[in-house]
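Colleague: Please find one structure pasted underneath; my questions will follow.
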Amino acid sequence: MTRTTEKPLTGNMRPDGSVLDLPAYEQAGGYQAIRKVLSGGMEPKAVTAEVKAANLRGRGGAGFQTGLKWSFVPLGKDAPNPTYFIVNADEMEPGTFKDRLLMERDPHQLIEGMLIASFAIEADIAYIFLRGEYTLAAERLTRAIAEAYDRHYLGKNILGSRYSLELHLHLSGGRYICGDETGLLNALEGKRANPRTKPPFPPVVGLFGKPTVVNNVETISCVPHIINHGADWFRGLGRTKEAGTKLYGASGKVKRPGLWELPMGTTAREILEEHAGGMRDGLKFRGLLPGGSSTPFIVEEHLDTPMDFTEMAKIGSSMGTGTMIVLDDQTCPVGMTWTMTRFFARESCGFCTPCWSGLGWAERILKSMEDGRGQPGDLDKLAFQARMWSPGNTFCALAPGAANPLQTALKYFRDDFERHIGEHRCAWR
Amino acid sequence: MLTAQEINEIEQEAAHYPRRDAVSIDALKIVQRHRGWVSDESLRDIAEHLGMSPTDLDSVATFYNLIFRRPVGRHVIMVCDSVSCWIMGCERMQEHLEKRLGIGLGETTPDNRFTLLPIVCLGCCDHAPAMMVDGDLHSDLDPQKIDRELEKYK
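Residue numbers (the numbering used here), protein chains in the order written: chain A, 7 to 435; chain B, 205 to 358.
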C-alpha cells in the first residue's frame, strides 16, 4: 500500500504546517471524487449506499452510521425545500484537538466531502459551524471556500452539472453546548443553543424546520476517499470490524503528546506506549479517558482493547473522539474529576434541572474535598448526582457525559477520594 | 447608531440565511469587533435593525461567552482551564497571570490593557498549557513564556 492510502486523511498534509491550497490539493488528486459523482452520473442514493457500505461511523464521538443518517432525508421533487447540510466544527470536547488539524491543514478535503454529502442528500445550502476560537481554521477555510467558488466547485451548476450548492462559514459565539446537534441548529438560527427535543430528528425537521444533516469534520473528510477508492477499500483499512482510519491523540504527561492517523481499532496500549512514547520518566500510568472528558476512565487491565466504537463499549467505556487524556500517579484523580465537573457545570445550557443544579452541586463537593473539607457521605452524594444525570433524565448528552468520568473515577480511584476525606487534605497539593 | 460599515457587514451575513434574526450572533460579534464590547445602546440598535426585541437579543448576547456585555481591555486573555491543561499546570499559569496583572478572572487592568477570562479547551491539548490573546493561540506555556508573549500586546 502507498502512504496515501494508509493515511488518507493526513498523508497529503505538508510537514511544515502550512495549508494545502487548491492547486496543491488538486495535484494530490483532490476534487476527483466530486468529478466521479457529478460527471460519472452517480445518483444521490448510490452515493449514500456507498458510504453506508463503507461502514463510516460518526467521528464526533457518537459513532452513528453516516450513510444511515443521510438515508433519512426525504429526496425528490416533493421533498421539503431547501435541504441543509451542516458540518459540526464546534470542536470543544476537552482533550480533543483533531478537527482543528484537518481544517487548518487540508480545508479542501473537508469542502469536497461536504460537496459529496450535500449532493447525496440533495442539499441546497451547506454551512460549516466553526467555534469562534479557531481563528486560524477560520482564515484558511475562508480562503479555501473562495478558491472553490472561483473554480466552480461551489455555486451554481457545479462543474457544468445540474447540481448547485451554496456554502457558508458560520463563526460561533462560544459555549460547548453548540456542539450538540440540535443545540447547534438553534445557534445557527441565532437563538440560545438549548438542545431540542427529539423526535423529530434533524434529517426530517432540522434547521429552520427543514431536512438537515449534521456531520463531524473528520467524518466528512473521509468521504472523498470512500468515493475514490470504494467501500471495500475503506472497510479494509480498519483492524477490527470497524472501518477506515482514525485520528487518535494523546495529552497529559506522556513523553510525546500528539495526534496520529492510525487504522481504526488500534489498541489503547499501542497509542499510549508506541505513539505517545509512554509515560514521562518517573511517572506511572494510572488511567485514561479514551476520547475526551465525556468518556469513562479505563485502567491498565483495559489497555489491550482496540479503540473502536464497539470494543470500547464492551468494556464499559466509549471511544468518544479518540483523543485520550492520560492520568499519571503524580496527578490527583479527585482534582482531575473536579476540573471536568467544573467544565460541565459551567457549560450546562441551564435547561434541565439535574444538569444545571446537580452539576454545580457535585462541583462544589469535589472542590471541598480538594480543599480538605470533604465530609463522610460525600461519595454517596456524588454517586446519587451522577445517577441523576443518566440518559433520559435530561434532554441532551451533556449531563450523561459528565457522569461518565465521575462514576468511573469513583470506581477506579475510590481510595483516593476516601483519603481526601479521611486526611482532610489533598495529598498532591 | 450602527455605522454604515457595521450595517454593511451585518447585511452581508444576512444574505446567507432565510431569516434576519438568524444573524443575531454575527451582528453582535460584528459590532463588538468595531467597538470592543456590546453596550445597551448597541444592543438596542442591533435589535431594531434585525427586527427583534432587545430582550430577545440580550438573552442571546448573554448566552454566548465570546460576546462581551461589559467593557473589556484592549486585549482579552483567555486562559484554558480544561482537563489537559489542568494536568499540565494551568492553575500555576493562571496564578502567574493574576499576580503579574494584579487582577482576577473577569477583571480588567486599571490601564485598560488586559482583561483576563477563563476559557474551555482550546484544542491545543498536545501543547498544553495554552491561552489565547485576542485571536492568537499561545501554547507550551510557562511563566517566562507568558511574560514574553504579553509584551507583544501594548
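Virtual Cβ for every residue (Gly too), placed ideally from N, Cα, C.
A:Arg106 versus chain B: which residues are under 7 angstroms apart at the beta carbon?
Modeller: The residue you call residue 106 of chain A lines up with position 100 of the first sequence. Ordered by position in chain B, the residues that pass the 7 angstroms Cβ test against A:Arg106 are Gly327.
Colleague: Between which two residues does the alpha helix (DSSP H) holding B:Ser263 run?
Modeller: Taking the second sequence and counting its residues from 1, one reaches residue 263 of chain B at position 59. Element bounds for B:Ser263: Pro258 to Ala265.
Colleague: Give me the chain B residues within the contact set of A:Pro100, using Cβ-Cβ distance strictly less than 7 angstroms, ordered along the chain.
Modeller: Counting from one through the first sequence, the residue named residue 100 of chain A turns up at place 94. Within 7 angstroms Cβ-Cβ: Ser286, Val287, Ser288, Val324 and Cys325.
Colleague: Count the other CB atoms within 10 Å of the CB of B:Asp351; is the residue buried (16 or more) or exposed (fewer)?
Modeller: Here residue 351 of chain B refers to the residue found at position 147 when the second sequence is read from its first residue. So B:Asp351 counts as exposed.
Colleague: When you compare only the Cα positions, how much space is there between B:Leu301 and A:Gly166?
Modeller: Position 97 of the second sequence, counted from the start, is the residue given in the question as residue 301 of chain B. Position 160 of the first sequence, counted from the start, is the residue given in the question as residue 166 of chain A. Roughly 56 angstroms separates the two Cα atoms.
Colleague: If I follow the unbroken alpha helix (DSSP H) through A:Arg431, where does it start and stop?
Modeller: Position 425 of the first sequence holds residue 431 of chain A. Element bounds for A:Arg431: n/a, residue is neither H nor E.
Colleague: I need the DSSP call for A:Arg241, collapsed to helix, strand or coil.
Modeller: Walking along the first sequence from the start, residue 241 of chain A turns up at place 235. Per DSSP, reduced to three states, the secondary structure at A:Arg241 is helical.
Colleague: Please work out which residues of its chain come closer than 7 angstroms, Cβ to Cβ, to A:Met342, disregarding the five sequence neighbours upstream and downstream, and give them in chain order.
Modeller: Counting from 1 along the first sequence, the entry for residue 342 of chain A is found at position 336. Answer for A:Met342: Leu333, listed in chain order.
Colleague: Under a Cβ-count criterion, where at least 16 other Cβ atoms within 10 Å of its own Cβ denotes burial, should B:Pro322 be classed as buried or exposed?
Modeller: Walking along the second sequence from the start, residue 322 of chain B turns up at place 118. Counting Cβ neighbours within 10 Å, B:Pro322 comes out buried, since at least 16 surround it.
Colleague: Could you tell me if A:Ala52 is buried or exposed, where buried requires 16 or more neighbouring beta carbons within 10 angstroms of its beta carbon?
Modeller: Against the first sequence, residue 52 of chain A aligns to sequence position 46. Exposed: under 16 other Cβ atoms inside 10 Å.
Colleague: Determine whether the Cβ of B:Ile229 lies closer than 8 angstroms to any Cβ atom of chain A.
Modeller: Taking the first residue of the second sequence as 1, we reach residue 229 of chain B at position 25. Output row for B:Ile229: interface = yes.
Colleague: Pull the bridge partners of A:Lys252 from the DSSP assignment, please.
Modeller: For the purposes of this step, residue 252 of chain A is identified with residue 246 of the first sequence, where counting begins at 1. DSSP, once it has assigned bridges, lists A:Leu268 as partnering A:Lys252.
Colleague: Around the Cβ of B:Gln348, are there at least 16 other Cβ atoms within 10 angstroms (buried) or fewer (exposed)?
Modeller: The sequence position of residue 348 of chain B within the second sequence is 144, counting from 1. Under this definition B:Gln348 is an exposed residue.
Colleague: Count the other CB atoms, across all protein chains shown, that sit within 10 Å of the CB of A:Asn436; report buried if there are 16 or more and exposed otherwise.
Modeller: For residue 436 of chain A there is no data in the structure shown, the boundaries of chain A being 7 and 435.
Colleague: Hey, quick one: how far does the alpha helix (DSSP H) through A:Gly17 stretch, first residue to last?
Modeller: One-based indexing of the first sequence puts residue 17 of chain A at position 11. Premise fails: A:Gly17 is in no alpha helix (DSSP H) and is neither H nor E.
Colleague: Against chain A, with Cβ distances strictly below 8 angstroms, would B:Lys233 count as a contact?
Modeller: The sequence position of residue 233 of chain B within the second sequence is 29, counting from 1. By this cut-off, B:Lys233 is an interface position.
Colleague: Looking at the strands, I want to know which residues DSSP matches up with A:Pro296.
Modeller: In the first sequence, residue 296 of chain A corresponds to position 290, counting from 1. Its beta-bridge partners are A:Gly298.
Colleague: With DSSP as the reference, identify every bridge partner of A:Ser257, one or two as the case may be.
Modeller: Walking along the first sequence from the start, residue 257 of chain A turns up at place 251. A:Ser257 is bridged to A:Ile331.
Colleague: Name the chain A residues that come within less than 7 angstroms of B:Pro222, Cβ to Cβ?
Modeller: Translated into positions along the second sequence, residue 222 of chain B becomes position 18. Correct list: Phe214.
Colleague: Listing by chain order, which chain B residues have their CB less than 8 angstroms from the CB of A:Pro21?
Modeller: Residue 21 of chain A sits at position 15 when you count from the first residue of the first sequence. Result: empty, since nearest Cβ-Cβ is about 16 angstroms, beyond 8 angstroms.
Colleague: State the DSSP-derived secondary structure class of B:Gly310, mapped to helix, strand or coil.
Modeller: Residue numbering aside, residue 310 of chain B sits at position 106 when the second sequence is read from its first letter. Residue state, collapsed to three classes: coil.
Colleague: Over what stretch of residues does the beta strand (DSSP E) that includes B:Val337 continue unbroken?
Modeller: Position 133 of the second sequence holds residue 337 of chain B. That run of the beta strand (DSSP E) goes Met335 to Val337.
Colleague: Which first and last residues belong to the alpha helix (DSSP H) in which A:Phe350 is found?
Modeller: For this step, residue 350 of chain A is matched to residue 344 along the first sequence. Run containing A:Phe350: Pro339 to Glu353, per the alpha helix (DSSP H) assignment.
Colleague: What in chain A is Cβ-close to B:Leu309, meaning under 8 angstroms?
Modeller: In the second sequence, counting from the first residue as 1, residue 309 of chain B sits at position 105. By Cβ distance, chain A contributes nothing, its closest Cβ being about 12 angstroms from B:Leu309, past 8 angstroms.
Colleague: Starting from the Cα of A:Gly298, find the closest Cα among A:Gly284, A:Glu424 and A:Met330 and give me that residue.
Modeller: Against the first sequence, residue 298 of chain A aligns to sequence position 292. The candidate whose alpha carbon is nearest that of A:Gly298 is A:Met330.
Colleague: Taking just the CA atoms, how far does B:Val264 sit from A:Tyr418?
Modeller: Residue mapping note: residue 418 of chain A aligns to position 412 of the first sequence, counting from 1. Residue mapping note: residue 264 of chain B aligns to position 60 of the second sequence, counting from 1. Straight-line Cα distance between these residues: approximately 41 angstroms.
Colleague: Alpha carbon to alpha carbon, what distance is there between B:Lys356 and A:Phe350?
Modeller: Your numbering for residue 350 of chain A matches position 344 in the first sequence. Your numbering for residue 356 of chain B matches position 152 in the second sequence. Their Cα atoms are separated by approximately 33 angstroms.
Colleague: For A:Gly161, which of helix, strand or coil comes out of DSSP?
Modeller: What you label residue 161 of chain A is simply residue 155 of the first sequence in a count that begins at 1. If DSSP states are grouped into helix, strand and coil, A:Gly161 belongs with the strands.
Colleague: When we look at the beta-carbon of B:Asp338 and count the other beta-carbons within 10 Å, is it buried (16 or more) or exposed?
Modeller: Stepping through the second sequence from its first residue, residue 338 of chain B is reached at position 134. Exposed: under 16 other Cβ atoms inside 10 Å.
Colleague: Does any residue of chain B have a CB that is nearer than 8 angstroms to the CB of A:Phe103?
Modeller: Residue 103 of chain A sits at position 97 when you count from the first residue of the first sequence. Answer yes: the Cβ-Cβ gap between A:Phe103 and chain B drops below 8 angstroms somewhere.
Colleague: Give a yes or no on contact between the region 140 to 153 of chain A and the region 46 to 65 of chain A, applying the rule of three or more CB pairs nearer than 8 angstroms.
Modeller: no
Colleague: DSSP state of B:Lys349, grouped into three classes?
Modeller: On the second sequence, position 145 is the one that residue 349 of chain B refers to. Helix, per DSSP.
Colleague: Consider the Cβ of A:Ala409: report whether some Cβ of chain B lies at a distance smaller than 8 angstroms.
Modeller: As a working mapping, residue 409 of chain A is identified with position 403 in the first sequence. No, because no Cβ of chain B sits closer than 8 angstroms to the Cβ of A:Ala409.
Colleague: Output yes if chain C places a C-beta closer than 8 angstroms to the C-beta of B:Asn269; else output no.
Modeller: Absent from the structure is chain C; the protein chains it does hold are A and B.
Colleague: Of the residues that make up the region 291 to 321 of chain B, which ones have a beta carbon closer than 7 angstroms to any beta carbon in chain A?
Modeller: Taking a C-beta cut-off of 7 angstroms against chain A, the contacting residues of the region 291 to 321 of chain B are Ile291, listed in chain order.
Colleague: Can you say whether A:Gly46 is buried or exposed, counting buried as having 16 or more other CB atoms within 10 angstroms of its CB?
Modeller: Residue numbering aside, residue 46 of chain A sits at position 40 when the first sequence is read from its first letter. Label assigned to A:Gly46: exposed.
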